[in-house]
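These notes concern the structure reproduced below.
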DNA sequence: CCAACATTGACACGACCGTGATAAGGTCGG
DNA sequence: CCGACCTTATCACGGTCGTGTCAATGTTGG
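Protein chains in written order, with our numbering: chain C, -6 to 114; chain P, -6 to 114.
Rendered as structure tokens:
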């Protein structure tokens, strides 16, 4: 049988994260490996890749784990995303080049999405 | 002349934020008031409204100031936004109920936004 | 069977966040 | 001119984040 998955220590070895951090990263929902019947974490190729790219993401841009976790929240909690978007959009500081009409269009689209309407195909 | 703007203590009074927090909120770029020639902060109606809605945003959803600041970063730094989006999109874990088509739509909209295209009417 | 590994839970520690307080100094209005 | 306000800068404090380490216990494989 091909050794398809790695244990937490092996995964730590190849990704550069410590076992402790792998558990922490799982706890905030960023990389959640499967479990063996006995509860052992099983890291597959996909998880390993994600762990490496996560490292790059943090290095390249100045981002913290918690912030990526928040971005995840934004992606999964639509109401939160909408509330934050609405607040930011009302910001009087205009990033130059952005037109007010543009904002309105997007705001309307967002409301329609909230109402459960589909965007026109 | 009409008293168009409030000083920091007056703004604190009507918004419920302490003067200290008004300065802090400014330091993370969330509400940045104009300044008088002498450097005094001048809070107008727009800023006061934003400060109140900010308070609501934090109360209603479970969000911290720093997280709103991060959302702002996501909005202004396109490369960061793209990197985070790319990483999250590759996530194999599907939070149940979310459809892949949904993701695709949003992703496409995002790319179009980046390209400066308007949403289809 | 047992050594080597996995699990969860806890304590610890430096760094930063959110917040107040206070100091040292500039500005305003009557 | 002077008291009441504003400014920035700093110290302090509890809380959370990121991370290591350790203990107590369960699992695996030769």
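Virtual Cβ for every residue (Gly too), placed ideally from N, Cα, C.
Quick one, which of 80/P, 81/P, 78/P, 62/P has its alpha-carbon nearest residue 20/P's? 62/P
Strand pairing of residue 27/P, partner residues [DSSP]: In the DSSP output, where bridge partners are listed per residue, residue 27/P has 35/P.
Taking the DSSP output, what are the residues bridged to residue 47/C? Its beta-bridge partners do not exist; DSSP assigns none.
For residue 86/C, count neighbouring C-beta atoms within 10 Å of its own C-beta (all shown protein chains included) and say buried if the count is 16 or more, exposed if not. The pLDDT assigned to residue 86/C is 48, lower than 50, so where the model puts this residue is not dependable; a value taken from the coordinates is nonetheless given after this. Classification for residue 86/C: exposed.
8 Å Cβ cutoff, residue 47/P in contact with chain C: It does; some Cβ of chain C falls within 8 Å.
Does the separation of the CB atoms of residue 0/C and residue 41/C fall below 8 Å? no
Spatial neighbours of residue 10/C within its chain, please: C-beta separation below 8 Å, excluding the five flanking residues on both sides. 4, 18, 44, 48
Residues of chain P with CB closer than 9 Å to the CB of residue 76/C, please, in chain order. 49, 50, 53, 54, 56
Taking all protein chains shown into account, do 16 or more other C-beta atoms lie within 10 angstroms of the C-beta of residue 64/P, making it buried, or fewer, making it exposed? That one is buried.
Measuring CA to CA, which of 72/P, 35/P, 22/P is closest to residue 56/C? 72/P
For residue 34/C, count neighbouring C-beta atoms within 10 Å of its own C-beta (all shown protein chains included) and say buried if the count is 16 or more, exposed if not. buried
Is residue 68/C buried or exposed, if buried means 16 or more other CB atoms sit within 10 Å of its CB? With 16 or more other Cβ atoms within 10 Å, it is buried.
Just checking my contact of residue -3/P with residue 32/P at CB under 8 Å: how many whole Å lie between their CB atoms? Contact flag wrong, Cβ pair sits at about 18 Å.
If you scan the stretch 48 to 86 of chain C from start to end, which runs of the alpha helix (DSSP H) of 4 or more residues do you find wholly inside it? 58 to 69, 71 to 82
Go through its chain and collect everything with a Cβ distance to residue 75/P's Cβ below 7 Å, but skip five positions before and after it. none
Would you list, in chain order, the members of the stretch 58 to 71 of chain C that have their beta-carbon closer than 9 Å to a beta-carbon of chain P? 59, 60, 61, 63, 64, 65, 66, 67, 68, 69, 70
With a threshold of 6 Å on Cβ separation, who are the neighbours of residue 25/P within its own chain once the five nearest residues in sequence on each side are excluded? 19
Residues sharing a beta bridge with residue 41/C, DSSP: In DSSP, residue 41/C forms no bridge with anything.
Does residue 87/C come within less than 8 Å of chain P when only Cβ atoms are used? At residue 87/C, the pLDDT of 40 sits below 50, so the modelled position is not reliable and the matter cannot be decided from this model.
Around the Cβ of residue 6/C, are there at least 16 other Cβ atoms within 10 angstroms (buried) or fewer (exposed)? With a threshold of 16 other beta carbon atoms within 10 Å, residue 6/C falls short and is exposed.
Taking residue 80/C as the query, report the chain P residues whose CB atoms sit under 8 Å from its CB, ordered along the chain. 43, 46, 47, 50, 61
Interface flag, residue 38/C vs chain P, CB-CB below 8 Å: no
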